[in-house]
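> Residue numbers (the numbering used here): 3 to 254. Backbone N, C-alpha and C fix where the C-beta goes; we use that ideal spot for every residue, glycine too. I have a structure here, written as structure tokens, and I will follow up with some questions on it.
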Ligand code: COA
């Protein structure tokens with residue numbers, strides 16, 4: 003387990019909370035592993051009927067840890083933790099509800115494509131600067147974003163790197179509900195409890211029918227991951243990672 007991932011269980015609801023405030027919830031390899039373990043464990047336990055994903059007030063997640071990208075780009079072991087997490091997320095059998103307050107970058111945005119209900123707040127901004135970082139989309143977002151948002155909005159998000167605000171995301175069908183930041187946790191948890199109280203097998207089959215067969219999605223996640231890993235070593239990506247790491251020093 004990771005100190006930066008907190009797992010709590012309330013009745014039949016399991017909450018996975020990203021908790022790395024000093025790095026804006028940038029997701030490290032250890033955090034990916036802890037989330038994979040929690041999702042797998044929750045799916046395996048018959049007493050758990052619903053997963054909830056939370057970040058911190060004002061910051062859902064700044065995306066993957068760019069220090070890990072830089073390490074992989076400069077000869078370090080790339081690791082399979084992120085891919086394992088994404089495949090586990092896509093294979094999940096139980097409903098997933100996310101509560102997103104504030105910044106949601108990279109995988110902080112794309113993990114929500116796998117959620118059955120996403121609650122956001124007026125200050126939530128979804129952003130995926132993959133191309134600006136010399137990278138490509140992940141988490142099956144190159145497949146799911148056009149399906150959910152339509153190809154133009156998907157392109158604006160994934161290629162242009164344009165911000166997607168909470169209301170626009172709700173209108174586009176990416177967000178279920180926009181609630182005040184102070185009401186986010188209560189709204190998510192009361193909905194999770196409602197779901198968790200339903201007959202679990204009927205719920206599982208219904209979810210499965212709505213999500214449809216996953217073979218294409220799993221294949222896309224793997225295909226994106228191959229490109230992503232190759233891109234990590236590109237000059238474009240290396241320059242972008244170095245620029246991000248330099249940014250703070252230059253601001254001092
Ligand atoms: N990976 C590693 N560290 C990250 C990070 C990331 N994805 N995002 C933020 N951090 C770190 C910063 O380096 C900084 O660390 P430091 O204080 O030790 O220097 C700390 O988190 C706070 O970040 P900061 O940029 O000062 O906060 P901010 O409020 O000004 O901006 C963000 C927040 C999320 C908008 C900004 O940090 C950002 O754009 N991060 C990168 C997002 C990204 O490109 N993710 C990858 C997508 S594939």
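1) Just how far apart, CA to CA, sit residue 10 and residue 222?
2) Which residues bound the alpha helix (DSSP H) around residue 125?
3) Tell me whether residue 132 counts as near the ligand COA, meaning its Cβ is closer than 8 angstroms to at least one heavy atom of that ligand.
4) Pull up the distance between the alpha-carbon of residue 48 and that of residue 167, whole angstroms please.
5) Examine the ligand COA and report whether any of its heavy atoms sits within less than 8 angstroms of the Cβ of residue 137.
6) If you measure between the beta carbons of residue 242 and residue 160, is that distance less than 9 angstroms?
7) In angstroms with no decimal places, state the Cα-to-Cα distance between residue 138 and residue 188.
8) Could you tell me the distance, in whole angstroms, from the CA atom of residue 34 to the CA atom of residue 130?
9) Rounded to whole angstroms, what's the CA-CA distance from residue 200 to residue 37? Just pull it up for me.
10) Exposed or buried, which one is residue 113 when buried takes at least 16 other CB atoms within 10 Å?
11) The alpha helix (DSSP H) spanning residue 229 covers which residue range?
12) Assuming residue 100 is part of the beta strand (DSSP E), what are its boundary residues?
13) What number of angstroms, rounded off, separates the C-alpha of residue 140 from the C-alpha of residue 233?
14) Mind checking who residue 8 pairs with in its DSSP beta bridge?
Looking at the coordinates:
1) Sequence index remark: in the chain shown, residue 10 carries index 8 (1-based). Sequence index remark: in the chain shown, residue 222 carries index 220 (1-based). Distance between the alpha carbons of residue 10 and residue 222: 31 angstroms.
2) On the chain shown, residue 125 is found 123 positions in, with the first residue counted as 1. No alpha helix (DSSP H) holds residue 125; DSSP gives it neither H nor E.
3) Working through the chain shown from its first residue, we reach residue 132 at position 130. Checking every heavy atom of the ligand COA against the Cβ of residue 132, one is found closer than 8 angstroms.
4) Reading the chain shown from its first residue, position 46 is the one you call residue 48. Reading the chain shown from its first residue, position 165 is the one you call residue 167. Rounded to the nearest angstrom, the gap between the Cα atoms of residue 48 and residue 167 is 36 angstroms.
5) As a first step, residue 137 must be located in the chain shown, where it is residue number 135. Yes, the beta carbon of residue 137 sits closer than 8 angstroms to at least one heavy atom of the ligand COA.
6) Against the chain shown, residue 242 aligns to sequence position 240. Against the chain shown, residue 160 aligns to sequence position 158. Going by C-beta atoms, residue 242 is not nearer than 9 angstroms to residue 160.
7) Taking the chain shown and counting its residues from 1, one reaches residue 138 at position 136. Taking the chain shown and counting its residues from 1, one reaches residue 188 at position 186. Near 35 angstroms, if we compare the C-alpha coordinates of residue 188 and residue 138.
8) Along the chain shown, one-based indexing puts residue 34 at 32. Along the chain shown, one-based indexing puts residue 130 at 128. Here the alpha carbons of residue 130 and residue 34 stand approximately 18 angstroms from one another.
9) Within the chain shown, the letter at position 198 stands for residue 200. Within the chain shown, the letter at position 35 stands for residue 37. Going by C-alpha positions, residue 200 is about 25 angstroms away from residue 37.
10) As a position in the chain shown, residue 113 is number 111, starting the count at 1. Flag for residue 113 reads buried.
11) If you number the chain shown from 1, residue 229 lands on position 227. Where residue 229 is concerned, the enclosing alpha helix (DSSP H) stretches over 217 to 234.
12) Here residue 100 refers to the residue found at position 98 of the chain shown. DSSP places residue 100 inside the beta strand (DSSP E), whose first and last residues are 98 to 102.
13) In the chain shown, residue 140 corresponds to position 138, counting from 1. In the chain shown, residue 233 corresponds to position 231, counting from 1. A straight line joining the alpha-carbon of residue 140 with that of residue 233 spans about 12 angstroms.
14) As a first step, residue 8 is located in the chain shown; it is residue number 6 there, counting from the start. In DSSP, residue 8 forms a bridge with 19.
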